[in-house]
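Numbering (UniProt numbering), first residue to last: 1 to 631.
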Amino acid sequence: MIKLDGIKIPSLDAKDIYIANYLYPKQGYNLKRKDGSYNIAKFKNTLDYSLDLIKLREVYLKEYRNKRFSWYERNEMEHTDRVINVTFKYSNKEYNKIGSIKENEEQKKKGKCKYPKYLYVKFGYEISQNSITNCVYVANGELIAIQTGIYVPPDKIVPETLLKDNFIYEDGVYKIKKNGTLNSVANLRYELYKNGFWCNGIHYVRFKRSSGSSRVGKCLFIDEKLYKRMHKWEMCGIKLKEGDKVDLAALEAYIALTLSSIIDTIEIKPENILILDDYESTFTDTVIATEMKEENGKYSLQTGEKQVKISNSIWDGLSLIDKSIMGIYDKYGMILLRKNFFKSCCFNTNIQQFFKDNNISDISQLNGFTLAESIEDIKLITTPSSIKYLKFGTIEQWLKNIDSTFGVVKHEKKTHFFDGRMVQSHYQLINTLQLTKKQVREFIQPSLDYMYLLKTEPAAVRHYVKYSDEHEFESNNLKTKNEIIYQLMGLNNKFCETKWYKDFVNELIKSYKRNLKSGHVLIEGNYSTLLGNPYELLLNTIGEFYGESILGVGNVHTTRFPYGKKILGSRSPHVCVSNILLSNNVECALIDKYFNLTDEIICINSIGENILERLNGADWIKSKSALRSNL
């Protein structure tokens, strides 16, 4: 598998864009230097390799009919200016701070006042440093630019009438006093969202923003010539008219799903998909409930035992994918997929074998909706909880408006420690255990013993850094000190007697200690991806699911630990000390027969069992649980 990199894009603030677009004459923002080369320092952000980036390349080629979508700089990173990240941090002032400046030697000698040294330029004007005399630039009786914090002789200062209430002369330097706001951040956002902006002769319009970007106010803008095709693709046939009522926040979040960073793509044809109804398991359970209660007009939080109604969506965000279309990922138990209005955790399943064993030979024998004409076409089984399109259109519309390219976000992996046998704890989990000092000492003793081995045994160091004795020496691309150390350890055993090696080990042990102090203690266990009631979903495809669980309440199934053992687990991240799970690990031949799972996946039951709330509101999209067996 090849990790495909993203592409560097410019990141500009709305204030700077607005100022550049309202200069006279209007020229727009310029990403290039005077010599015509791009100012690479402006390309601070990365547009991840994603379905959006794949489509952008395709759309650019159709629109411009050339291959100049991007270019490579000397650092070997790919760059493009067809998408720009815009931040909204600063308002537009009457005098805008352009940047810091330096004093000459004479000014340094005479200047005694320590004050920020900035250049301020009046909105609507553009000047060069050469235009400034005695720290000011005046035109037509108006102060256009001023430098603060730099010494100016008293006989060279300008009249107070020019400084107005904006600046003062004090302690031999100009200082800013009051700087009126012409356009607030909200006004700048409205202006750019509505009218876009010009940059390097290209007009940009608002594109989209990810959920992460929306929290900090960032937004992507795109070359207007590319927008129409990109917007048609991202909307998947959804047509909105001005005045239509729509959940705009949800729509913005869903069209941004294709911005998710992916590691690869796989092909799934629309006719390969079968959509079944979700299923809600509703029951009552005795829980420790915390509620707001009123007594004598006062409100307080009260906690106690209570019978409550629980409703579990047992296949929320879960899909089953046939092994035959997983390509190079068929050795994994799950892949997290993204598509237009679709996100789901898809688990490796022998779908066609299940149909064959149950004598299913015709589409008419299946529940749900599909465009397939043959039973052999069914390769992906999902539910409406994975398809966000249904808030705006129908299943059939979605299937008819998507192409066959799905993005692979990730797959399950072993932990980084001791070939997946051990896992790193964290302080939230340790706090849940409520250990005594003696128990803490016993808990970390194996880690202290291992730290001693790191100090005394080179073999332990090699194992810790995942060094293999069969590793072949590669002289190219040694990027870090660590890589060089690893290589030298394999070339000559006497290297471990050098000061360089000993210094390296000392730094390694210091880092190890810092990890221990942060609660990162290695314990035998695993971080496992949750899979809920998968066999029941298979049964539902042929109408044989009647609301009963094959595992039963209180049981889980994983090959990571021996059957018949108790499994202690908690949701990761572990945010509530009381929400832990103790279950029996049981064998299940039917799950092993129809699901190609790995040690990093655990099957659980949420039918009639309050497991999702106990695991902090878990679902199947990407939830993980930290597990340990009482071996």
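Note that the Cβ used here is the ideal one computed from N, Cα and C, for glycine as well.
| query | result |
| --- | --- |
| I need the straight-line Cα distance from Ile607 to Leu448, nearest angstrom please. | 43 Å |
| Looking at the secondary structure, which residues open and close the alpha helix (DSSP H) in which residue 632 lies? | Residue 632 cannot be examined here, being either before or after the span of the chain that is shown, 1 to 631. |
| Touch check for the region 535 to 544 and the region 504 to 521: three-plus C-beta pairs under 8 Å? | no |
| Decide yes or no for the touch test of the region 417 to 437 against the region 55 to 74: beta carbon pairs closer than 8 Å, at least 3 of them. | no |
| By how many angstroms is the C-alpha of Gly212 removed from the C-alpha of Lys293? | 35 Å |
| How is Leu615 classed by DSSP in three states: helix, strand or coil? | coil |
| Would you kindly report the start and end of the unbroken alpha helix (DSSP H) that includes Met451? | Lys437 to Thr456 |
| The beta strand (DSSP E) with Ile101 in it runs from where to where? | Unbroken run through Ile101: none, as it is neither H nor E. |
| Near Ile398, which residues of its chain fall below 7 Å by C-beta distance, leaving aside the five closest residues on each side in sequence? | Sequence inspection shows Trp at residue 398; the Ile mentioned does not correspond to that position. These residues qualify, in order along the chain: Cys236, Phe341, Ile387 and Tyr389. |
| With 16 other CB atoms within 10 Å as the buried threshold, where does Glu609 fall? | buried |
| Along the chain, where does the beta strand (DSSP E) containing Ser311 start, and where does it finish? | Lys298 to Ser313 |
| Quick test of your reading: residue 714 and Ser11, contact by CB under 8 Å. State the CB separation rounded to the nearest angstrom. | Only positions 1 to 631 of the chain appear in the structure, and residue 714 is not among them; the question remains open. |
| CA-CA distance, Ile328 and Ile222? | 34 Å |
| Just tell me which of Leu568, Asn555, Glu600 and Arg614 has its CA closest to the CA of Glu587. | Asn555 |
| Could you tell me whether any Cβ in chain D is nearer than 8 Å to the Cβ of Val308? | Considering every chain present, this structure includes no chain D. It has just one protein chain. |
| Going by C-alpha distance, which of Ile273, Leu248, His203 and Leu119 is nearest Leu143? | Leu119 |
| How is Lys391 classed by DSSP in three states: helix, strand or coil? | helix |
| Is the Cβ-Cβ distance between Leu220 and Arg229 less than 8 Å? | no |
| Would you call Gly297 buried or exposed, if buried means 16 or more other Cβ atoms sit within 10 Å of its Cβ? | exposed |
| Do you know offhand how far Glu126's Cα is from Ile19's? | 9 Å |
| Could you spell out where the beta strand (DSSP E) holding Ile84 opens and where it closes? | Val83 to Thr87 |
| In terms of DSSP beta bridges, what is Met334 paired with? | Phe347 |
| Around the C-beta of Val440, are 16 or more other C-beta atoms found within 10 angstroms, so that it is buried, or is it exposed? | exposed |
| Ignore the nearest five residues each way along the sequence and tell me which others in Leu337's own chain have a CB closer than 6 Å to its CB. | Ser344, Cys346 and Phe406 |
| Compare the beta carbon distance of Ser319 and Thr382 with 8 Å and say whether it is the shorter of the two. | yes |
| Tell me the DSSP secondary structure of Thr133 in three-state form. | strand |
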